[in-house]
Amino acid sequence: MISDVTASLNKIRQNIQNSCMRVQRPADQVQLVAVSKQQPMDKIYAALDAGQRLFGENRVQEAEQHWAPIRAQYPDLQLHLIGPLQTNKVRSAVALFDVIETIDRPALVDAVAREIEAQGKALFCLVQVNIGREPQKSGVDPDELPALLSYCDKAGLVIDGLMCIPPFAEDPRFYFQQLRDLADTHGLWQLSMGMSSDYEIAIEEGATFVRVGSALFGDRD
Ligand SMILES: *Cc1c(COP(=O)(O)O)cnc(C)c1O
19 MISDVTASLN
29 KIRQNIQNSC
39 MRVQRPADQV
49 QLVAVSKQQP
59 MDKIYAALDA
69 GQRLFGENRV
79 QEAEQHWAPI
89 RAQYPDLQLH
99 LIGPLQTNKV
109 RSAVALFDVI
119 ETIDRPALVD
129 AVAREIEAQG
139 KALFCLVQVN
149 IGREPQKSGV
159 DPDELPALLS
169 YCDKAGLVID
179 GLMCIPPFAE
189 DPRFYFQQLR
199 DLADTHGLWQ
209 LSMGMSSDYE
219 IAIEEGATFV
229 RVGSALFGDR
239 D
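Residue numbering for the sequence shown follows the numbering used here, beginning at 19 and increasing consecutively.
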């Protein structure tokens, strides 16, 4: 089981390099976010042993369970929040995470900006865009992105890039291109896009973070 994680990690790293080469991007422009939600600790340890230091979690409480006890052992660990954030969890989220990828509304901007200031923490933020305009999905509507970005600016919350989850079972490339165009328009550099089934396409379209869970750790509990 543990050697499975090591083998998958090596394969994914190789695929990332190959995808970068296909489109002549430097391989160090793309970082693998290992999505450890709903995975057992032995698999997480296997990834750590194989040198992986960047992990993604979609729930604050579960992330605390996974990482709070061992965080001190891995000073170079980087944790990304990739799931929706409620304002009453912002304090814990800012304390635990290095990057919040899911800024999507003014109330959250205010809460995160306030908490970053209160904790004196260096933290990066991305705005999640509901790129397929799906009613059930979180993320800001693409039409409302400019307004949200200027809101962030006024609130003093620095935004480094954009994140999206394209509609399920549709060609993701079109949506990845749209997200990249939005980022270009607003002069944003980081692009978090691509999951187990489509991270290679996302890299071809400019992803700087790919979020891979099941292809690395196997099916979730
Ligand atoms: C779970 C999750 C992933 C990883 O999905 P896989 O298909 O298992 O790679 C990526 N991004 C987000 C936002 C997720 O919630």
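Glycine included, C-beta positions come from ideal geometry on N, C-alpha and C.
- Note that the stretch 69-84 does not touch the stretch 33-44; fewer than 3 beta-carbon pairs, one per stretch, sit closer than 8 Å.
- Counting of Cβ neighbours within 10 angstroms places threonine 203 among the exposed residues, the total staying below 16.
- In this structure, the straight-line span from the alpha carbon of leucine 163 to that of proline 190 is close to 20 Å.
- Looking from the CA of alanine 65, the closest CA among Val147, Ala90, Ala25 and Pro44 belongs to Ala25.
- Residue state for serine 215 is assigned as coil, using DSSP reduced to three classes.
- Going by C-alpha positions, aspartate 60 is about 21 Å away from leucine 99.
- Assignment of leucine 95 by DSSP, reduced to helix, strand and coil, places it in the coil class.
- Just so you know, the alpha carbons of phenylalanine 192 and leucine 206 end up roughly 19 Å apart.
- In the DSSP assignment, serine 210 falls within the unbroken beta strand (DSSP E) covering 208-210.
- Between phenylalanine 194 and methionine 211 the beta-carbon gap is near 5 Å, inside 8 Å, which marks them as a contact.
- Between ligand 1 and the CB of methionine 213, the shortest heavy atom gap is smaller than 6 Å.
- Annotation: arginine 71 is outside any alpha helix (DSSP H) and is labelled neither H nor E by DSSP.
- When DSSP states are grouped into helix, strand and coil, aspartate 178 belongs to the strand group.
- Distance between phenylalanine 142 and isoleucine 134, taken at the CA atoms: about 10 Å.
- Under the 8 Å Cβ criterion, the stretch 103-111 does not count as touching the stretch 215-229, having fewer than three qualifying pairs.
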